[in-house]
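According to my numbering, the residues represented by the sequence shown are 12 to 88, in order. Where a beta carbon is used, it is the ideal one built from N, C-alpha and C, also for glycine. For clarity, every value in this text was computed on a predicted model and none was experimentally measured. Worksheet: one structure, shown below.
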Amino acid sequence: MSTINLNGTAHHPRNQSTATVAYLSFARSIMLIARREFRDALSSKWFLLYTIAFTTLAIGVSFMSLAGSGEHGFAGF
12 MSTINLNGTA HHPRNQSTAT VAYLSFARSI MLIARREFRD ALSSKWFLLY
62 TIAFTTLAIG VSFMSLAGSG EHGFAGF
């Protein structure tokens, strides 16, 4: 059901408000920048180095957490 606004234009309830359109435009801009930064990070050797180092550290801590109790294996995974 459409209604007529005071300025004479029809307004349909399904039409998006200006604020919603602005928010979606802002969200698209953020996603575009984030995607570009992520792509740049993937091509960087530092990103790969930190990924490998963090993975090794996480697996090492998980493996060593049961070493004191006399059991061996991975805890928490």
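For this session: Measure the C-alpha to C-alpha separation of GLY71 and LEU35 and round it to an integer number of angstroms.
Result: 43 Å
Exercise. Could you give the distance in angstroms between the alpha-carbon of SER54 and the alpha-carbon of GLU48?
Worked result: 10 Å
For this session: Locate the alpha helix (DSSP H) running through SER28, then write down its first and last residues.
Result: It is not in any alpha helix (DSSP H) - SER28 carries neither H nor E in the DSSP assignment.
For this session: Can you tell me the Cβ-Cβ gap for ALA52 and PHE58, rounded? I've got them flagged as a contact below 8 Å.
Result: About 4 Å separates the two Cβ atoms, so the contact holds.
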